[in-house]
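> Before anything else, here's the structure in question.
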Amino acid sequence: MNLNVKPIIEDSVDQITGICIAIARFDLGIEQQHIGFLYRDGDNLTKLLHLAWHYILKKEDPSKVYLWMEIPFDELNQINTAAFLESIYDSNPDGIPYGICIDGTRFEADGAFFFLEKGAGLTCATFVMQVFQHLGYNIIDKDCWEFRDSDKEWQNQIIDDLENYGAPKEYITYQRNKIQGGVARFKPEEVAVASVLSSPPYALKDIIEPSQNLLELIVAHAKKLASEKN
Amino acid sequence: MDANISPDYKHLLEYFHNRYAYYEYIDEEQLKSIHLSPLTNSANQISFEVPLYGVSSSGCFRIRESSRELTQLFEEATWMKGFFDSATELKDVKSLVPYYKEINSILSRKKFDQCDLFLSQVQTNSISDVLLVGLLRLTFSYRDYLPSWDVLLLEAKEELLNRGYRPEDTLKGLL
């Protein structure tokens, strides 16, 4: 599968006409990727919209840390998705809670984040999934998504980080209780691959290999940037 | 009714006579002076340009049919006039967002009847390519509350085909 991954440099950003996925590893020492949408906003500027952290939804200029890939939408769907991303940003001035469990979450019609369960929230990756879901374009087959033991380790780390960040005690308790029941993790590189391949929705087994390929490219890009810095 | 009027016009007069709500607002003389332009869209539904109650003659816009509820909706949601007036020109993010916010606002206030009435008035041959897809995607999550959503989907599918698109790709996930 050819993912057609491109780094963000000035020229490449100018090529962006529609909706793309941007993905990066910020810290070479931490096995953690970050994902968001790259798109042309209402002023025809290329922007990155992403859930950076707990109640931090950012719309900003893309940095060269990211790699990007085009989502295979026709022009009509590109424009409509960009309009929806704009409404999400406008409708969530206080951000969106960061959480490990996507169940019970959705975007309201006006793009405002809505959670049926008080402790529910999104990660950077499930944020991307929910945007697609809202528009009727399901990229991940959640029923065929396997829970991995390693998921729990990452989730515990995230909840510790949320706790240290000062998230309310009841929010933390909810997240920890969820982990006990087993919550599937959707990794940024997996969601990125599911977003850009042409026949979604995808089960985990269908995208493990291309996700691994993408991860290698992300790490190589991060190493390249690190070596340039030194 | 004037026996010399054209069959199309006669048909329209009969139509309005049979619509109580409009007959209440528009008398026969007014009706005769209206610039009527019957259109047949891809779904073989006839539409008319009609001025609404309280709106100047320059405020004519195209709607599919008329009713008291519709008149009320257009009075409450004044943005709809702008929407239908410019529906063929709404094709970029900047021009779409204000209208999408209005539609979203109706939905987030759970005014599903209003939104459904709005969707029922959309003529697929009189809106931009982007809107053909956008209105459906925007309201997708609420389709169970919007009986007109499925009708619009079928009409949009046909219209996209007429315009040279592949509906199975453009409407992916909706069909």
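For the record, the sequence lines run as chains R and F. To convert a position in the first sequence, counted from 1, into our numbering, add 6. To convert a position in the second sequence, counted from 1, into our numbering, add 9. Using N, Cα and C, we set each Cβ at its ideal position, and we do this for glycine too. No experiment lies behind these values; they were computed from the predicted model shown.
Can you find a CB in chain F that lies within less than 8 Å of the CB of R:Asn144?
Yes, R:Asn144 lies at the interface with chain F (some Cβ there is under 8 Å from its Cβ).
> Once you ignore the five residues that flank R:Ala228 on each side, which residues in its own chain have a CB closer than 7 Å to its CB?
Contacts found: Arg31 and Leu34.
> Along chain F, in chain order, which residues have C-beta atoms closer than 8 Å to that of R:Glu92?
The answer, in chain order, is Val102 and Val106.
> Under 9 Å Cβ-Cβ, which residues of chain F neighbour R:Ile149?
Checking the sequence, you will find Asp at residue 149 of chain R rather than Ile. Neighbours of R:Asp149 on chain F: none; closest Cβ ~16 Å, over 9 Å.
> State the DSSP-derived secondary structure class of F:Gln130, mapped to helix, strand or coil.
Reduced to three states, the DSSP call for F:Gln130 is helix.
> Thinking C-alpha only, which one of F:Asn134, F:Gly182 and F:Leu170 is nearest F:Leu147?
Residue F:Gly182 is the option with its Cα nearest to F:Leu147.
> So is F:Val131 in contact with chain R if we call contact Cβ pairs under 8 Å?
Chain R contact via Cβ: absent.
> Identify the residues that DSSP records as bridge partners of R:Thr52: which are they?
DSSP, once it has assigned bridges, lists R:Arg46 as partnering R:Thr52.
> Looking only at its chain, what residues have a beta carbon closer than 8 Å to the beta carbon of R:Leu231, apart from the 5 residues adjacent to it on each side?
So the qualifying residues of the chain are Lys70 and Val71.
> Any beta carbon of chain R sitting closer than 8 Å to that of F:Asn113?
Cβ-Cβ to chain R under 8 Å: yes for F:Asn113.
> List the residues of chain F that R:Ala88 touches, going by C-beta distances under 8 Å, in chain order.
Simply Val102.
> Does any residue of chain R bring its CB to less than 8 Å from the CB of F:Ser51?
Caution applies to F:Ser51, whose pLDDT of 37 falls short of 50 and renders its modelled position unreliable; the value that the coordinates give is listed next. It does not; no Cβ of chain R falls within 8 Å.
> To the nearest angstrom, report how far apart R:Glu159 and R:Asn219 are at their CA atoms.
Straight-line Cα distance between these residues: approximately 23 Å.
> Comparing alpha-carbon positions, which option in F:Phe83, F:Lys90, F:Gly173 and F:Phe149 lies nearest F:Asp138?
The shortest C-alpha separation from F:Asp138 is found at F:Gly173.
> Taking the alpha carbon of F:Ser104 as the point to measure from, which residue in R:Gly105, R:Asn50 and R:Val134 has its own alpha carbon closest?
When only C-alpha atoms are compared, the closest one is R:Asn50.
> Quick one: what's R:His40 bridged to in DSSP?
Answer is R:Ala30, bridged to R:His40.
> Please state the DSSP three-state secondary structure of R:Thr111.
R:Thr111 falls in the strand class under three-state DSSP.
> Could you compute how far the alpha carbon of R:Glu123 sits from the alpha carbon of R:Pro103?
Going by the C-alpha atoms only, they are around 12 Å apart.
> Determine, using beta carbons only, whether F:Ser117 and R:Glu114 come nearer to each other than 8 Å.
Contact flag set, yes.
> Can you give the Cα-Cα distance for F:Lys119 and F:Tyr151, rounded to whole angstroms?
Using only the alpha carbons, I get a separation of about 10 Å.
> Based on Cα-Cα distance, which residue from R:Thr23, R:Leu63, R:Ile106 and R:Arg154 lies nearest to F:Asp185?
The structure shown does not extend to residue 185 of chain F, since chain F is modelled only from 10 to 184, so the question has no answer here.
> Would you verify that the beta carbon of F:Leu126 is, or is not, closer than 8 Å to some beta carbon of chain R?
False, the Cβ-Cβ gap to chain R never drops below 8 Å.
> Could you check how far apart the C-beta atoms of R:Cys130 and R:Pro207 are, in whole angstroms? I think they sit under 8 Å.
About 19 Å; that fails the 8 Å criterion.
> Quick check: the Cα distance between F:Phe93 and F:Ile136, rounded to an integer number of angstroms?
Between F:Phe93 and F:Ile136, the C-alpha separation is close to 8 Å.
> What does R:Asn98 reach in chain F if we use C-beta pairs closer than 7 Å?
Ordered by position in chain F, no residue passes the 7 Å Cβ test against R:Asn98, which lies about 13 Å from the chain.
> Taking DSSP as the reference, what is the three-state secondary structure of F:Gly68?
Caution applies to F:Gly68, whose pLDDT of 38 falls short of 50 and renders its modelled position unreliable; the value that the coordinates give is listed next. If DSSP states are grouped into helix, strand and coil, F:Gly68 belongs with the helices.
> In the DSSP assignment, find the unbroken beta strand (DSSP E) run with R:Trp74 in it and report its ends.
Note, R:Trp74: beta strand (DSSP E), Leu73 to Glu76.
> Taking Cβ to Cβ, would you say R:Ala88 is nearer than 8 Å to R:Asp155?
It is not a contact, given that the beta carbons lie outside the stated cut-off.
> Could you give the distance in angstroms between the alpha-carbon of R:Asn98 and the alpha-carbon of R:Leu63?
When rounded, the distance between both Cα atoms is 8 Å.
> Quick check: the Cα distance between F:Tyr34 and F:Thr80, rounded to an integer number of angstroms?
Low local confidence applies: a pLDDT of 41 at F:Tyr34 is under 50, so the model's placement there is unreliable, with the coordinate-based value given in what follows. F:Tyr34 and F:Thr80: Cα-Cα distance of roughly 10 Å.
> Counting only C-beta atoms, is F:Val142 closer than 8 Å to chain R at any point?
Output row for F:Val142: interface = yes.
> Closest to R:Cys150 by CA distance: which of R:Ile25, R:Ile213, R:Glu37 and R:Ile77 is it?
R:Cys150 has its Cα closest to that of R:Ile213, out of R:Ile25, R:Ile213, R:Glu37 and R:Ile77.
> Can a CB atom of chain F be found closer than 8 Å to the CB of R:Thr23?
Output row for R:Thr23: interface = no.
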